[in-house]
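Here the protein sequences line up with chains W and A, keeping their order. Last residue of the first sequence? That's 431 in this note's numbering, and every number before it is there in order. Last residue of the second sequence? That's 703 in this note's numbering, and every number before it is there in order. Just so you know, even glycine gets a beta-carbon here, dropped at the ideal spot from N, CA and C. Values in this document were obtained by computation on a predicted structure and should not be read as measured data. Presented below is the structure to which this report refers.
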Amino acid sequence: MNKPVITIENLGKCYTVGQRRNGNEGLRHSIEAAMRSPLGWLKTHRQNKSRQVDFWALKDVSLEIKQGDVVGVIGRNGAGKSTLLKLLSRITVPTEGRIRIDGRIASLLEVGTGFHQELTGRENIFLNGAILGMSRAEIIRKFDEIVEFSGIEEFLDTPVKRYSSGMYVRLAFAVAAHLEPDVLIVDEVLAVGDAAFQKKCLGKMGDFAQSGRTILFVSHNMEAIRTLCQRGIWLKGGRIYRDGAADDVLEDYFNDTANELAFSFANRDHGLMIQKVILKNARGDETSQFRPGEDLIVEITYDAQKPLADPYIVVGVQGINGSCFAANMLLDGHQPQAMEGSGRLACRFKSLPLFPQSYSVKMSIRTNNGHDMILNYQDVAYFSVVGDLAEYGYKGEFVSRASRSTSVVVPYEWCLPDGTSVSVSLALPCK
Amino acid sequence: MTQLVIEAGNTELQYWRDLWRYRELFYFLAWRDLLVRYKQTVVGVGWSIIRPLLTMLVLTIVFGKLGKMPSGGRPYPLLVFCGMLPWQFFSTALSESGNSLVTNSALISKVYFPRLVITVSSVITSFVDFLISSVFIVALMIWYHQAPTTKVLFLPGFVLLVFGASFGATVWISALMVQYRDFRFIVPFVVQFGLYISPVGFESAVVPQRFRLLYSLNPMVGIIDGFRWSLLGARSIIYWPGIAIAAAEVFVLIVSGIWYFRKTEQIFADVI
């Protein structure tokens, strides 16, 4: 069970940047240079090379992944995640180092790779399956299962160019989900599709992991990684920055991101500057972690160089399943008469009815009765809700999956057939 | 359990083993191209007959009627069609398969399989077209009461030769195209010229004997001659040195093509 399936030693991938600018990729240049001086061509070729800049997308990466491990790879854009996956799935070759993989490997870097617009769903299942490395017999055997999973039976003989994007993704994932490799490599494929389908995909990957197979998963969906993975690898600048238990790595990563995203904004026309947006808990401590039922205070520090009349501010909270709730001055009508000079404005959301998941705070500012947009509705801060649901009286068998369910829980009460009633809420447990 | 080692500098053995493992993909990609080619067309697969038929008519009129080229007593359309059969195969392979890696760039940058599969299966697609239009030559021979002689037994050899030529040239061009898109402009040019400098619309016998060897440096000369000789038999005289040159050239083209393809294949995903 604990045999390493993937062994990576000193892996590095170097891209040469600036090649195009030097213009030695065009055929004309190559021929011309060779014609001018057949011997000198070799020389200039080498000189050109020395002028180019080497960029190491990945450097000195060594790791070992054991059978049955479900590993989440995180990191900022350009950290080398995609390069790592490309090397593992053999799309490109390493510049140095080696990778050893024991077992059949399949990678899913994109949903619907090789789908052809003109072909029908049925035809694409075969084509896509073959491209992903399934044999014909295998596809025929799993055909019904694939169709059922995708839920597009009626459109099986329609060209996929007439599919809605949702149908397209469903079919594509269905094919990929029925690959049965020992090691599965998955890139940001779940970023597409609606929430319900994303859940289905995650469920399928969960089943896959439970059957003792190895998954390497790259995603920006922190919750997906949290639920699915035991181990997290954080890539930074092409190197492994942290490698450990998924929860720990994610928490560090999250705090790191929250710290680095210090939102600020300036609108010259209206002379408004938002210097910072910070999140505080009920005690007034600045934080990015809250417990269910705690208060969330969004505090905005601004500097209005010109007086801004009737500023309409919207502050909202968005979770993995979309918008949760918002405080909207356009609706409640409690806008300040004006914002002038530097000052502070805060919105306190009381007893967050939120499940332990990741959230972002969004904000927009309008003026002129809401007609002029000063700040577009956008992310201004991030926070996560953490906590043990058992403390809130949750004891269901699937409580561990709460992080995948809807985000908002309004206090509710079950009235059971035996006449008893039970109330459930995310109010902070009394101590 | 299969074990895979990925490191800088690929192992040749692994590659050929993979090529075998992905053998079904040859079929699937060719099948896709065939399916797609005639989707949303009214005439459908009929196009692979109509295209050569119209070209045949034009060439017969230009070279046979207006140019008054000698036909050695055989019906001119038949003469032309025998030349067009291998030429059409070669030229469509060049112009369509040469682009194959670039058109499939989405695949190349997202999933692994030996890239040679793409190029080969696209040559196979052109070959299927070739087979379909071969049916037409049978009809044409019946129409002109031309019975094949025993020389027709050599035909498979020439078919192999034209397949080799198409494959070799395509492997070169598709690999070059990844890095040098210039070939997108070069190929149509070559195809256009090739039609006139290859003996498609006329017999290579019209070329003066002393230039014959020089003329045969174009591998399509030997191949087209071979097709005419084996199909029309009787009064055709074959120029064996030409065939030998063609065979040698095809061999070199294939070997060097695969060498170049393998050499550049590793960076396909990075530069495409």
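Under the Cβ criterion (8 Å, minimum of three pairs), the segment 573-580 of chain A does not count as touching the segment 642-653 of chain A. Judged by DSSP in its simplified three-state form, glutamine 445 (chain A) adopts helix. Proximity of aspartate 560 (chain A) to chain W, defined by a Cβ-Cβ separation below 9 Å, is not satisfied. At a cut-off of 9 Å between beta-carbon atoms, glutamine 519 (chain A) makes no contact with chain W.
Under the three-state reduction of DSSP output, tyrosine 627 (chain A) falls in the helix class. At a cut-off of 9 Å between C-beta atoms, alanine 130 (chain W) counts as an interface residue with respect to chain A. Pairing serine 342 (chain W) with glutamine 289 (chain W) gives a Cβ-Cβ distance that is not under 9 Å. Interface with chain W (9 Å Cβ-Cβ cutoff): leucine 456 (chain A) is included. Non-local beta-carbon contacts of tyrosine 359 (chain W) in its own chain, meaning distances under 6 Å to residues more than five positions away in sequence, involve Val317, Gly319, Phe383 in chain order. Chain order gives the chain W residues near alanine 700 (chain A) as Lys86, Ile91, Thr92, where near means a beta carbon separation below 8 Å. The C-beta of histidine 116 (chain W) comes closer than 9 Å to at least one C-beta of chain A. Note on geometry: alpha-carbon atoms of threonine 257 (chain W) and arginine 76 (chain W) lie some 9 Å from one another. Counting only runs of at least 4 residues, the segment 153-219 of chain W fully encloses the following alpha helix (DSSP H) elements, listed from N- to C-terminal order: 165-177, 195-210.
Excluding sequence positions up to five before and after aspartate 449 (chain A), its CB lies within less than 6 Å of the CB of Pro545, all in the same chain and listed in chain order. Taking a Cβ-Cβ cut-off of 9 Å, threonine 158 (chain W) has no neighbours in chain A, whose nearest Cβ is about 13 Å from it. The three-state secondary structure of leucine 330 (chain W), taken from DSSP, is helix. Shown in chain order are the members of the segment 590-619 of chain A whose Cβ falls below 7 Å from a Cβ of chain W: Gln610, Tyr611, Asp613. Remark: C-beta atoms of leucine 279 (chain W) and glutamate 251 (chain W) do not approach each other more closely than 9 Å. Closer than 9 Å to the CB of arginine 141 (chain W) there is not a single CB belonging to chain A. The C-beta of tyrosine 15 (chain W) comes closer than 9 Å to at least one C-beta of chain A.
In the structure shown, glutamate 148 (chain W) adopts helical secondary structure according to DSSP, grouped into three states. Here glutamate 153 (chain W) has Val147 as same chain residues with Cβ atoms under 8 Å from its own Cβ, once five neighbours each way along the sequence are excluded. Per DSSP, the unbroken beta strand (DSSP E) holding asparagine 376 (chain W) starts and ends at 372-385.
Put simply, the CB of arginine 659 (chain A) is far from chain W, with every gap to its CB atoms at 9 Å or more.
Scanning chain W for C-beta atoms nearer than 7 Å to the C-beta of glutamate 443 (chain A) yields nothing, as the closest lies near 13 Å away. Burial is judged here by how many other beta carbons sit within 10 angstroms of a residue's own beta carbon; glycine 322 (chain W) has fewer than 16 and is exposed. For tyrosine 691 (chain A), the enclosing alpha helix (DSSP H) begins and ends at 671-696.
For a cut-off of 8 Å, the C-beta gap from glutamine 357 (chain W) to valine 385 (chain W) is around 6 Å, short enough to register as a contact. For glutamate 223 (chain W), the uninterrupted alpha helix (DSSP H) run begins and ends at 222-228, by DSSP. In this structure, phenylalanine 692 (chain A) keeps its C-beta atom at 9 Å or more from the C-beta atom of valine 593 (chain A). Taking all protein chains shown into account, alanine 578 (chain A) has fewer than 16 neighbouring C-beta atoms within 10 Å of its C-beta and is therefore exposed. Alanine 79 (chain W) carries a coil assignment under DSSP once its states are collapsed to helix, strand and coil. Contact with chain W is absent for isoleucine 674 (chain A), since none of that chain's Cβ atoms lies less than 9 Å from the residue's Cβ.
Assignment of alanine 338 (chain W) by DSSP, reduced to helix, strand and coil, places it in the strand class. Exposed is the label assigned to asparagine 376 (chain W), since fewer than 16 other Cβ atoms lie within 10 Å of its Cβ. Taking 9 Å as the cut-off, the Cβ atoms of valine 61 (chain W) and glycine 232 (chain W) do not count as close.
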